[in-house]
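Position 148 of the sequence shown, counted from 1, bears residue number 146 in our numbering, the numbering being contiguous throughout.
Each residue gets a CB set at the ideal place from its N, CA and C atoms; glycine is no exception.
Comments concern the structure below.
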Amino acid sequence: MRSASTRTTRVVASLAGTAAVALVLAGCSGGSTGGSTSGSAITIGTTDKVTVLDPAGSYDNGSFAVMNQVFPFLMNTPYGSPDVEPDIAESAEFTSPTEYTVKLKPGLKFANGNDLTSSDVKFTFDRQVAINDENGPASLLYNLDSVAAPDDTTVVFTLKSADDQVFPQILSSPAGPIVDEDVFSATELTSDEDIVAGKAFAGQYEITNYDFNNLISYKAFDGYEGVLGAAKSDQINVKYYADSSNLKLDIQEGNIDVAFRSLSATDIDDLKGNDKVKVVDGPGGEIRYIVFNFDTQPFGAKTPEADPAKALAVRQAVADLIDRDEIADQVYKGTYTPLYSYVPAGLTGATESLKAPYGDGNGGPDADKAKSTLEAAGVTGPVELSLQYSNDHYGPSSGDEYALIKDQLESSGLFTVNLETTEWVQYSKDRTTDVYPAYQLGWFPDYSDADNYLTPFFLTENFLANHYDNPAVNDLILKQAVTTDPAERTAIIEQIQDAVAADLSTVPYLQGAQVAVTGTTIEGTSDTLDASFKFRYGALTKG
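See below:
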């Protein structure tokens, strides 16, 4: 998500060994769309969806794509760098082991004319924690004890544990967009309409037209003084598509300049042969995984037949039967690669903790092992498993992906899979209310550290809200975040993956690419897939 991550893509430079990201550059569209007033406007197409614009209420790629354009951050990742730097801040540093002090640039304002001061920053983080929305990123602020604003440009974050190695990066994450305290509610989510009407923006862009999941028009905000610099294009229009076939058609016909999320692997291959487009490859850090709800999965804690040993055996059997190579090759044509742990290959601390214990021990499936696992736990007869996926959030191949997973599970004779699908806006609500016993998610990292693949998922109070609770894992996650010795921290990260692999809160199975499409006359394409897993509209300009 974000993954759920989400989240708009920031590509980690260290992920050099991962599957390629395809950036397809389409022919320049002839005119403008929506709220634009100039022929130089860039039109972007996407099948992604926005859930809400309020940073406290969403933690997904589609929503964060908008937030990245319009909200300021204390810390951010410059194009082409894996490291965070002060954004609207002039400095940010630890002034004691448990105090992180940020000095804002003077004279900052929101697009509505309101002053942007330390009071807004304190308000932002206080409301994130207070609202603690099930679909929000508040879980990332687990180490935040309090926020103080001693003067208009000074913010002091007091942390619960000393020597936090990831807190500066968390300030650049979906938990970090700074909001206007005169527009946003302190105690509940603020509607998209009120945010847009209140012009509560201070990023590279402000929104000039907002038609929910149909069209968003942006214009450059000349008051942005952050590390990303002034936007290179004055106007951006983002058009939302219900399916990828229409998105591809508009690429081919030159009706859009950029297509970002999501085209099928087949479409990408096809577009590579089109002289009117070009494909730019880069590394990617997205992962795909199945989440188990520990309360409602077969033999889950709140089912009539509750039995933790049998529930674990069901999860283990799924892990034994998943054929990652088949999914990567047949569905994604090699644009994704098999993933055998929780931290993707290329990041420090990544392991293959799922490879040896499950399947044939070498990454392949093993139906006999799955059968023995279920029988040893006393599970008889095919297990009925309800498995949910989103038909519009993770690309057009999700249907094929989950049809193949269903076939892999059922062909063993050990499972009967009830495969169901829901559109993302509803899906994101249902998954946190125990509606789905097992379901699809993807993850687009917020920052380039293994912590971001562990903390949101496996802390007791986690973003998945799947009732997973292992105190030992919880303590290890907290420990790694404050361990200053790199080798010691890496060892703890590896230990966490081994522990979670034994529990199987989730079963990750693919690591791979983002897909974007932009015009041949668009410059700045190398910057659109930048080192921070954010797709930045502000880097694009027409040649």
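Which two residues bound the contiguous beta strand (DSSP E) that contains T414? Looking at the DSSP string, the run of the beta strand (DSSP E) that includes T414 is 413 to 420.
Quick test of the definition: if touching needs 3 or more C-beta pairs under 8 angstroms, does the stretch 410 to 424 touch the stretch 132 to 144? Output reads no: the stretch 132 to 144 does not touch the stretch 410 to 424.
Just the C-alpha distance for P443 and S89, rounded to the nearest angstrom, thanks. Looking at the two C-alpha atoms, the distance is approximately 24 angstroms.
Nearest to L345 by alpha carbon, out of E492, L538, L72, V50? Among E492, L538, L72, V50, the Cα nearest to that of L345 belongs to E492.
With distances taken between CB atoms, is the gap from T336 to L106 smaller than 8 angstroms? Rather than Thr, the amino acid found at residue 336 in this sequence is Pro. Not in contact: P336 and L106 (Cβ atoms no closer than 8 angstroms).
Bridge partners for P506 per DSSP, in chain order? Paired residues: Y287.
Should the stretch 309 to 329 be regarded as contacting the stretch 475 to 487, the criterion being three or more beta carbon pairs within less than 8 angstroms? Verdict: no, contact absent.
Taking D358 and L187 to be in contact with their CB atoms under 8 angstroms, please state how far apart those CB atoms are, rounded to whole angstroms. About 47 angstroms separates the two Cβ atoms, so there is no contact after all.
Is DSSP giving F219 helix, strand or coil here? Reduced to three states, the DSSP call for F219 is coil.
Bounding residues of the beta strand (DSSP E) (the contiguous stretch that carries N235): It spans 233 to 238 - the beta strand (DSSP E) in which N235 sits, taken as one unbroken run.
Report the residue from K270, K274, D449 whose alpha carbon sits nearest the alpha carbon of E251. Just measuring C-alpha positions, the residue of K270, K274, D449 sitting nearest E251 is K274.
Best match in N66, A109, D447, I288 for proximity to D162 [C-alpha to C-alpha]: Selected option, being the one with the closest Cα: D447.
Within the 8 angstroms Cβ cut-off, does G224 reach chain C? Among the chains in the structure shown there is no chain C, since it carries only a single protein chain.
Leaving out five residues on either side along the sequence, give the residues of the same chain with a beta carbon under 8 angstroms from the beta carbon of A374. Here A374 has A311 as same chain residues with Cβ atoms under 8 angstroms from its own Cβ, once five neighbours each way along the sequence are excluded.
Grab the span of the beta strand (DSSP E) containing T41 for me, first residue to last. Per DSSP, T41 belongs to the beta strand (DSSP E) from 40 to 44.
Let me make sure I understand the geometry here. Which of K369, G397, K217, V423 has the alpha-carbon closest to that of V68? Of K369, G397, K217, V423, the residue nearest in Cα terms is K217.
Could you check how far apart the C-beta atoms of S260 and G393 are, in whole angstroms? I think they sit under 8 angstroms. Confirmed, about 3 angstroms.
What does DSSP give as the partner residues of A90 in its beta bridges? Per DSSP, V100.
So which of Y238, D501, V127, M73 has the shortest CA-CA distance to V225? V225 has its Cα closest to that of M73, out of Y238, D501, V127, M73.
Length at least 4, wholly inside the stretch 152 to 208: the alpha helix (DSSP H) runs in chain order: Listed in chain order, the complete alpha helix (DSSP H) runs (minimum 4 residues) inside the stretch 152 to 208 are 165 to 168, 190 to 195.
Can you give the Cα-Cα distance for Y445 and L319, rounded to whole angstroms? Roughly 32 angstroms between the two C-alpha positions.
For the stretch 256 to 271 and the stretch 38 to 56, state whether three or more C-beta atom pairs, one from each stretch, are separated by less than 8 angstroms. They touch, by the three-pair rule.
Sorted by chain position, which residues of the same chain lie with C-beta nearer than 6 angstroms to D321's C-beta, five sequence neighbours on each side aside? For D321, where only same-chain residues beyond five positions count, the Cβ hits under 6 angstroms are P363, Q406.
Between which two residues does the beta strand (DSSP E) containing F258 stretch? Per DSSP, the continuous beta strand (DSSP E) segment holding F258 begins and ends at 256 to 258.
Tell me the DSSP secondary structure of N74 in three-state form. Look at N74 here: in three-state DSSP terms it is strand.
Is G397 helix, strand or coil by DSSP? Helix, per DSSP.
Please report the distance separating the alpha-carbon of N253 from that of K276. When rounded, the distance between both Cα atoms is 16 angstroms.
Name the one or two DSSP bridge partners that P336 has. L508, per the DSSP bridge assignment.
Taking only three categories from DSSP, how would you classify I266? The answer is helix: DSSP assigns I266 an H, G or I state.
Do the stretch 208 to 223 and the stretch 233 to 253 meet, that is, are 3 or more Cβ pairs less than 8 angstroms apart? Between the stretch 208 to 223 and the stretch 233 to 253 there are three or more inter-stretch CB-CB distances shorter than 8 angstroms, so the stretches are counted as touching.
With a CB to CB cut of under 7 angstroms and the five nearest residues on each side skipped, what residues in its chain are close to K300? The beta carbon of K300 sits closer than 7 angstroms to the beta carbons of D293, T294 from its chain, once the five residues preceding and following it are set aside; these are given in chain order.
Is DSSP giving L21 helix, strand or coil here? Any reading at L21 must be qualified, since the residue scores a pLDDT of 42, below 50, and its modelled position is unreliable; the value itself is stated next. In the structure shown, L21 sits in a strand (DSSP, three-state: E or B).
S577 versus N464 - alpha carbon distance: In the structure as shown, the chain begins at -1 and stops at 541. Residue 577 is therefore absent and cannot be evaluated.
Could you check what DSSP says for V48 in three-state terms: helix, strand or coil? Note: V48 maps to coil in three-state DSSP.
What is the DSSP secondary structure of L383, reduced to helix, strand or coil? Shown here, L383 sits in a strand according to DSSP, grouped into three states.
To the nearest angstrom, report how far apart L23 and V256 are at their CA atoms. Any answer about L23 is weak, because its pLDDT of 43 lies below 50 and its placement is not dependable; what the coordinates show is given next. The straight-line gap from Cα to Cα measures roughly 7 angstroms.
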